[in-house]
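Here the structure comes first, spelled out in structure tokens, and everything after it is commentary.
Numbering (this note's numbering), first residue to last: 1165 to 1351.
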């Protein structure tokens, strides 16, 4: 079971790949609920009946996402037929559909690092205000931003927390390091 801060409860998964997706969904913001294996889809294909159970239905403030998780190298023609049927079902319901085939390793490493500070933090030293002010005018390197605070070692945890909470942003296309640029989120 994976606990999601955004829903406030645990959600089931059957593989490491599915657990990673749940972590990314929790980070992706605007998530309101996730249903594991939400329904069994029965459809006609090639003169017979087939069944498929999608892995997740993610509900966000912007709408629903029906999601299957399968490593790219394990997808076969039969899977593609099931995915096409799931896509049609999603469209009929007004949802989007996707198949998650994997992640860039640095993306998962970054989201995992940020998730360590996803729960509420007590800010006894006012570090979050310093970090937000430090990134207010222009993007700043992660390391530089924490160094300009009263307590850099503690500020790292608060910076990760602010990144998880979307008050500050980073480029997930690059690994998280002291040189990674951090900017004020524009909501």
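By construction, the Cβ of each residue, glycine as well, lies at the ideal position given by its N, Cα and C atoms.
All values reported here derive from a predicted model rather than from experimental measurement.
Under the rule that 16 or more other beta-carbon atoms within 10 Å means buried, what is residue i, buried or exposed?
{"i": "residue 1311", "result": "exposed"}
{"i": "residue 1174", "result": "exposed"}
{"i": "residue 1258", "result": "exposed"}
{"i": "residue 1191", "result": "buried"}
{"i": "residue 1294", "result": "buried"}
{"i": "residue 1313", "result": "buried"}
{"i": "residue 1219", "result": "buried"}
{"i": "residue 1184", "result": "buried"}
Please go through the same chain and pick out, in chain order, the residues whose beta-carbon is closer than 6 Å to the beta-carbon of residue i, but skip the five residues on each side of it.
{"i": "residue 1300", "result": "1348"}
{"i": "residue 1201", "result": "1217"}
{"i": "residue 1167", "result": "1174"}
So the beta strand (DSSP E) residue i belongs to, where does it begin and stop?
{"i": "residue 1231", "result": "1227 to 1233"}
{"i": "residue 1209", "result": "1205 to 1209"}
{"i": "residue 1259", "result": "Run containing residue 1259: none; DSSP gives neither H nor E here."}
{"i": "residue 1345", "result": "1345 to 1348"}
Which residue or residues does DSSP assign as beta-bridge partners of residue i?
{"i": "residue 1174", "result": "1167"}
{"i": "residue 1220", "result": "1200 and 1231"}
{"i": "residue 1214", "result": "1207"}
{"i": "residue 1332", "result": "1348"}
{"i": "residue 1416", "result": "Residue 1416 lies beyond the stretch modelled for the chain, which goes from 1165 to 1351, so this question has no answer here."}
Please name the residue, chosen from the options, that lies closest to residue i on a Cα-to-Cα basis.
{"i": "residue 1235", "options": "1327, 1196 and 1267", "result": "1267"}
{"i": "residue 1176", "options": "1221, 1314, 1209 and 1287", "result": "1221"}
{"i": "residue 1323", "options": "1337, 1280 and 1339", "result": "1280"}
{"i": "residue 1325", "options": "1307, 1239, 1298 and 1278", "result": "1278"}
{"i": "residue 1343", "options": "1307, 1337, 1328 and 1287", "result": "1307"}
{"i": "residue 1215", "options": "1243, 1289 and 1260", "result": "1243"}
{"i": "residue 1286", "options": "1276, 1321 and 1171", "result": "1321"}
{"i": "residue 1255", "options": "1230, 1241 and 1263", "result": "1230"}
{"i": "residue 1338", "options": "1274, 1169, 1297 and 1188", "result": "1274"}
{"i": "residue 1180", "options": "1193, 1165 and 1251", "result": "1165"}
{"i": "residue 1227", "options": "1206, 1198 and 1252", "result": "1198"}
{"i": "residue 1248", "options": "1238, 1237 and 1261", "result": "1261"}
{"i": "residue 1288", "options": "1303, 1302 and 1319", "result": "1319"}
{"i": "residue 1203", "options": "1239, 1238 and 1250", "result": "1250"}
{"i": "residue 1207", "options": "1309, 1187 and 1246", "result": "1246"}
Quick one: residues in its chain with C-beta nearer than 8 Å to the C-beta of residue i, no 5 flanking neighbours on either side, listed in chain order?
{"i": "residue 1305", "result": "1342, 1343, 1344, 1345 and 1346"}
{"i": "residue 1160", "result": "Limits of the chain in this structure are 1165 at one end and 1351 at the other, which puts residue 1160 out of reach."}
{"i": "residue 1196", "result": "1170, 1171, 1223, 1224 and 1225"}
From what residue to what residue does the alpha helix (DSSP H) around residue i run?
{"i": "residue 1328", "result": "1316 to 1328"}
{"i": "residue 1184", "result": "1180 to 1191"}
{"i": "residue 1275", "result": "1269 to 1279"}
{"i": "residue 1306", "result": "1306 to 1311"}
Return the chain-ordered list of same chain residues with a C-beta closer than 7 Å to the C-beta of residue i, the five sequence neighbours on each side being excluded.
{"i": "residue 1328", "result": "1191, 1278, 1279, 1281 and 1282"}
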